[in-house]
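Peer 1: Numbering (this note's numbering), first residue to last: 52 to 384.
C-beta atoms are modelled at their ideal positions from N, C-alpha and C, and glycine is treated no differently.
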Amino acid sequence: MTLQHCIIHHIERTVPGADVTTTLRDQENNSAGSAYSLFEQLKQSYQRSSQKQYGHFDRELSDNPVPGWLKEQQQGKSPFPRTSQRILEQLQQKMGENDEAFSAHIMIALETVMEQEQLYIFWINHVESTHIDNSIEVAPTAYIDSNKLQYGARVYIEEWLEQDSQKYLSIITSRGNKNLSDAFNGLLGFSTGLDLVEETSEFLTIVDQYAESLPEEKISDYKGKILDYCVEQDKHGAPVVFEDISTQLNEDQPKDFSTFISARQETPKTEIYTDRSSLKRYVRYFGRDKNMSISFSADMFGQDIIYDEASGTLTIKQLPKSLKQQLKSSSSN
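(1) How is P191 classed by DSSP in three states: helix, strand or coil?
(2) Looking only at its chain, what residues have a beta carbon closer than 7 Å to the beta carbon of Q78, apart from the 5 residues adjacent to it on each side?
(3) Measure the alpha-carbon distance for E63 versus Q214 and round it to whole angstroms.
(4) K286 and L245 look like a contact to me (Cβ under 8 Å); what is the Cβ gap, rounded to whole Å?
(5) Count Cβ pairs between the segment 127-144 and the segment 245-257 that sit closer than 8 Å; are there 3 or more?
(6) Please report the distance separating the alpha-carbon of L142 from that of A155.
(7) Per DSSP, which residues does M343 bridge with? Please list them.
(8) Hey, would you say G338 sits closer than 7 Å to I345, going by beta carbons?
(9) Within a Cβ cutoff of 8 Å, which residues of the same chain sit near L200, ignoring the five residues on either side of it in sequence?
(10) Rounding to the nearest angstrom, what Cα-Cα distance links N149 and S373 in this structure?
(11) Would you kindly report the start and end of the unbroken alpha helix (DSSP H) that includes D279?
(12) Can you grab the Cα-Cα spacing for the pair I159 / T251, in whole Å?
(13) Can the beta-carbon of T298 be found closer than 7 Å to that of P290?
(14) Compare the C-alpha of Q369 against each of I356, A361 and S380 and name the closest.
(15) In the DSSP assignment, what residue or residues form a beta bridge with W40?
(16) Just to confirm before moving on: does the CB-CB distance between Y194 and S180 stay below 7 Å?
(17) Cβ of V206 within 7 Å of Cβ of L170?
(18) Let me make sure I understand the geometry here. Which of T192, D272, P319 and G119 has the alpha-carbon closest to that of I208?
(19) Per DSSP, what are the beta-bridge partners of G203 in this structure?
(20) Rounded to the nearest angstrom, what separates S88 and N198 at their Cα positions?
(21) Between V164 and K269, what straight-line distance do the alpha-carbon atoms span, to the nearest angstrom?
(22) When the Cα atoms are used, what is the spatial distance from K375 to I367?
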């Protein structure tokens, strides 16, 4: 992995309704040392986020200048610092469409991973805190909490320029601030290209169908391997590659599972990104209200735990020992 370019700018509106101002660097930050460390922290936070949406530049937005600027940078017609400044100027314009007060640093970086270029845009917030200074006095300070990335974007450059893809652009926006989210979306002209919930649901349905062909004693282990792989890929912001997972499931017949998937997909794909919430629900059933909370592993459903839809009742055959003891103690009292 090589961090080719890295530059940080500042953008803010000090009070609601005031003008949006920027402080722009002319030279890149050093792509080593502290800047590289910060980039890696932000990238890991981005990859781990469950809020990512996958899509592409909206082709119907003819007035979106960002794709053109990125192409000029790739062609050597525009230096990276100038390209980044243009992006900040575009963000300044988009933020000017609301009255929200804010302050942020924006890191724009270009990394090469296995000869594939990836452009990142990170919105960096500072968290107010206190520290003890050299005079042994308590004084205000601020730090970057890289674990709480509210806005960010990634562009797979080659996939964008060379392939007819619907997922080369991914983006994170905060659900808690519509104005800032709209501005960040508008900066890139983001258009959703994938329905992660739908794709994950289709994949897990196929997993269940495949499980029906296995001996009963192998089903739990098989599903566990698939889910472990999916969760691990999701943690790294990587797709589920069907050939890879198929090989891990059965080295003697490495294409068996991937062939089964492609034969049953509505639109055949070689890989998908998954929805983290859907994976969690597949692993466990969970529900609660004011007076009760229930959670159990999915492989217990239909065996040790049986649901009767007509009566709306749940029958539990094997109770946890700790619960048995509590119930026994309560009944004896």
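Peer 2: On the basis of the supplied data:
(1) Assignment of P191 by DSSP, reduced to helix, strand and coil, places it in the strand class.
(2) P132
(3) 36 Å
(4) That belief does not hold up - the Cβ atoms of K286 and L245 are roughly 19 Å apart, past 8 Å.
(5) Too few Cβ pairs lie closer than 8 Å, so no.
(6) In this structure, the CA atom of L142 is about 12 Å from the CA atom of A155.
(7) According to DSSP, which records beta bridges pairwise, M343 is partnered with nothing at all.
(8) Yes.
(9) L93, S96, Y97, S100, F173, W174 and I223
(10) 55 Å
(11) It spans E267 to K286 - the alpha helix (DSSP H) in which D279 sits, taken as one unbroken run.
(12) 31 Å
(13) no
(14) I356
(15) Shown here, the chain extends from 52 to 384; a query on residue 40 therefore has no answer.
(16) yes
(17) yes
(18) Comparing Cα positions, the closest option is G119.
(19) DSSP lists F173 and I223 as partners of G203.
(20) 13 Å
(21) 37 Å
(22) 12 Å
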